[in-house]
Amino acid sequence: MVVNLLFHICLDYGVVSVHHVGILCENLERSLEFYQNILGLEINEARPHDKLPYRGAWLWVGAEMIHLMELPNPDPLSGRPEHGGRDRHTCIAIRDVSKLKMILDKAGISYTLSKSGRPAIFTRDPDANALEFTQVDG
Numbered sequence: 003m004v005v006n007l008l009f010h011i012c013l014d015y016g017v018v019s020v021h022h023v024g025i026l027c028e029n030l031e032r033s034l035e036f037y038q039n040i041l042g043l044e045i046n047e048a049r050p051h052d053k054l055p056y057r058g059a060w061l062w063v064g065a066e067m068i069h070l071m072e073l074p075n076p077d078p079l080s081g082r083p084e085h086g087g088r089d090r091h092t093c094i095a096i097r098d099v100s101k102l103k104m105i106l107d108k109a110g111i112s113y114t115l116s117k118s119g120r121p122a123i124f125t126r127d128p129d130a131n132a133l134e135f136t137q138v139d140g
């Protein structure tokens, strides 16, 4: 009964989508090199870059965004699971996993394949944040 009540409350306040995901980074320029030049994401120039007490950047991911924040990371950078699917991760829907694999291979960036056999790969950014890329239609 409590679960049902929570479900109805959730519907009442109008969940629409995920607006953005915050990702911590040690060095903004190094992270932008990865997210822009390897993954091809573009900066959302309309978002404030100088209104917060730390450096950061907003990157478009379809209609949603990633907010890179240059802040200390409380998580260990080493000793994380090799397969990002067994760690906290952000999943990004893409049209062609094979093309992204070629890009990562060319850049010398390691990745693992989905353990379920579906068309998806997992990699890590320069700060060991796990990213999943799953292939979707359209």
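To convert, count from 1 in the sequence shown and add 2; that's this note's numbering. From the three backbone atoms N, C-alpha and C, an ideal C-beta is built for every residue, glycine too.
Have a look at the DSSP bridge pairing and note the partners of residue i.
i     : result
Glu72 : Cys27
Glu66 : Val63
Measure the C-alpha to C-alpha separation of residue i and residue j and round it to an integer number of angstroms.
i      : j      : result
Ile68  : Ala109 : 21 Å
Leu139 : His91  : Just to set this straight, residue 139 is Asp in the shown sequence, not Leu. Rounded to whole angstroms, Asp139 to His91 spans 22 Å at the Cα level.
Gly58  : Arg120 : 33 Å
Arg49  : Glu31  : 17 Å
Glu72  : Gly16  : 31 Å
The beta strand (DSSP E) spanning residue i covers which residue range?
i      : result
Leu41  : No beta strand (DSSP E) contains Leu41, which DSSP labels as neither H nor E.
Val63  : 58 to 63
Ala132 : 132 to 137
Ala95  : 91 to 96
Leu115 : 113 to 115
With distance defined between alpha-carbon atoms, name the residue in the options nearest to residue i.
i      : options                     : result
Asp129 : Gly16, Pro76, Phe135        : Pro76
Ala65  : Pro74, Asn46, Glu31, Pro121 : Asn46
Gly42  : Asn29, Trp62, Tyr56         : Trp62
Asn39  : Ile111, Val99, Arg97, Val18 : Ile111
Leu70  : Asn29, Val18, Ala122        : Asn29
Excluding the 5 residues flanking residue i on each side, which residues of the same chain have their C-beta closer than 7 Å to its C-beta?
i      : result
Cys93  : Glu134, Thr136
Leu106 : Tyr113, Thr125
Pro83  : Asp89
What are the boundary residues of the alpha helix (DSSP H) that includes residue i?
i      : result
Ile123 : That residue, Ile123, is in no alpha helix (DSSP H); its beta strand (DSSP E) goes 122 to 126.
Asp52  : Premise fails: Asp52 is in no alpha helix (DSSP H) and is neither H nor E.
Val17  : Per DSSP, Val17 belongs to no alpha helix (DSSP H) and is neither H nor E.
Leaving out five residues before and five after residue i in sequence, what residues of the same chain have Cβ atoms less than 8 Å from its Cβ?
i      : result
Asp127 : Ile25, Cys27, Ser33, Phe36, Tyr37, Leu133
Gly86  : Thr114, Phe124, Thr125, Arg126, Ala132, Leu133, Glu134
At least one CB of chain B closer than 7 Å to the CB of residue i: is that the case?
i     : result
Arg88 : Protein chain content of the structure displayed is limited to a single chain, and chain B is not contained in it.
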